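90 is the number of the first residue of the sequence shown in the numbering used here; add one for each residue after it.
Built from N, CA and C at the ideal position, the CB exists for glycine as well.
Computed from a predicted model, the values in this text were never measured in an experiment.
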Amino acid sequence: MNAEIPDKVIAYNIYTNGVKLGVTGKVDTPEFKMKTSTMSGAGVGGEIEVPTLGQWEKTEHEIPLTLLGEDLAELLQQGMDVQLIYRGATQCALKSGGFATKQLRIVEGGIVKGFKGGSLEAGSQMEASVTLETVRYKMENAGEELIAIDKLNNIYRVKGKDMLAELNKMI
């Protein structure tokens, strides 16, 4: 039984090439969806959308920026090999009482697909953004790898378990 109850992200920063980015207050992480096909036929009571192990749909990810400036230029310069590192502190409630903090670390690698300059309004953020095609992703909690996906190297691990090990033995 887990002795902790996940609570919240206390604070976070995002870095690229060691430079802290000025992102807005909230950043969504990429959404990964496996490619699917429809299974139907004799012995099946209808249609079922079945995922294809290790095959991922395109993973477009928009990174919001506070202003159009150096942060945007830094990402655009990297072009085909952008690497973002998210570092955060999370809080969990302990069932024994009190709270604990842990480090959350996400590494995202990808390709710049485009950018949005945002808008100009006195006293407001520009809400600029860069759009990436995410090809690599790793999430760690307190130093333990939870998820690793690398589309270019056919890697898919969950809690250190190689989810493609059997498949790769066959090919």
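State the Cα-Cα distance for the pair residue i and residue j, rounded to the nearest angstrom.
i: K147; j: A254; result: 23 Å
i: G132; j: E149; result: 37 Å
i: G111; j: I152; result: 10 Å
i: G168; j: G198; result: 11 Å
i: E233; j: K248; result: 8 Å
i: V108; j: I260; result: 41 Å
Do you know whose CA, among the options, lies nearest residue i's CA?
i: L154; options: S208, I195 and Q144; result: S208
i: A217; options: G249, S185, E233 and V116; result: V116
i: V166; options: L221, I195, G114 and Q214; result: As written in the sequence, residue 166 is Gln, which differs from the Val given in the question. Minimum Cα distance to Q166 is reached at L221.
i: N91; options: S185, G107, K97 and K109; result: S185
i: G114; options: G107, F188, V108 and N102; result: N102
i: N106; options: Q172, G134 and P119; result: Q172
Looking at residue i: is its Cβ nearer than 8 Å to the Cβ of residue j?
i: V224; j: K240; result: yes
i: I200; j: Y104; result: no
i: A231; j: Q192; result: yes
i: R194; j: E229; result: yes
Here's a check: name, in chain order, each residue in its chain whose Cβ is nearer than 8 Å to the Cβ of residue i, leaving out the five neighbours to either side.
i: I99; result: G177, A178, T179, Q180 and T190
i: M252; result: L142, G143, Y245 and R246
i: P95; result: T179 and C181
i: W145; result: F121, K122, M123, K124, I238 and K240
i: T127; result: E136, I137, E138 and V139
i: M215; result: L154, T155, L156, L157, G206, G207, S208 and L209
Closer than 7 Å by C-beta to residue i: which residues in its own chain qualify, once you throw out the five before and the five after it? Chain order, please.
i: L256; result: L142 and G143
Tell me which residues share the same chain as residue i and place their Cβ nearer than 6 Å to its Cβ, disregarding the 5 neighbours each side in the sequence.
i: G203; result: T220
i: S129; result: E136
On the premise that residue j lies in contact with residue i, defined as a C-beta separation below 8 Å, what is that separation, rounded to the nearest angstrom?
i: E93; j: L235; result: Going by Cβ atoms, the distance from E93 to L235 rounds to 14 Å, so no, they are not a contact pair.
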